[in-house]
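Enquirer: Before I ask anything, let me first share the structure, which is written out below as structure tokens.
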Amino acid sequence: MTGARTVTVPTLDHGDVTLPEPSWCAGHPEGPTEARVDVHHAAPVPVPDGLVDMDIELVEYPYGTVPIPVIVYVAITVPAMTLDTDGLHEYAAGLVERAALLVEFADRLAVLCAGGAW
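In structure tokens form, the structure reads like this:
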């Protein structure tokens, strides 16, 4: 990362850890991190509201026990419900919409990992 900005993150086990911060990172907590392996970069990815809730974040753990390069973390909440025919169609459309978003994010992640911008 030529010309990359750096960030210093305080940790309880290794003191201050200075590392390059990717342009997509949304910042780091103020207080110390318990362990250096927990130091990570993260940025929430906006997802429109819908029947199926998704929380998506770009994350990277450069000091993890096994270092993890930039990846997408996904948490999906699919509420249980009883549906009539129209409701089932609407629910299925929501799932298809969410699947299309995941494909879009996979493509964007590929570009980011190849050196492009998110």
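Position in the sequence shown counted from 1, then plus 1051, gives you this note's numbering. Yeah, the Cβ is synthetic: ideal placement off N, Cα and C, and Gly gets one too. All of these numbers come straight from a predicted model, not from anything done at the bench.
Going by alpha carbons, who is nearest to residue 1111 out of 1094, 1084, 1135 and 1158?
Expert: Nearest C-alpha to residue 1111: 1094.
Enquirer: CA-CA distance, residue 1075 and residue 1169?
Expert: Answer to the nearest angstrom: the Cα atoms are 7 angstroms apart.
Enquirer: Cα-Cα, which of 1103, 1162, 1161 and 1069 is closest to residue 1128?
Expert: Of 1103, 1162, 1161 and 1069, the residue nearest in Cα terms is 1103.
Enquirer: Put residue 1101 into one of helix, strand or coil per three-state DSSP.
Expert: Residue state, collapsed to three classes: coil.
Enquirer: Using three-state DSSP, classify residue 1145 as helix, strand or coil.
Expert: If DSSP states are grouped into helix, strand and coil, residue 1145 belongs with the helices.
Enquirer: Just to confirm my understanding: we take residue 1116, look at its own chain, exclude 5 residues before and 5 after, and list those with CB closer than 7 angstroms. What are they?
Expert: Within the same chain, residue 1116 has close Cβ partners 1088.
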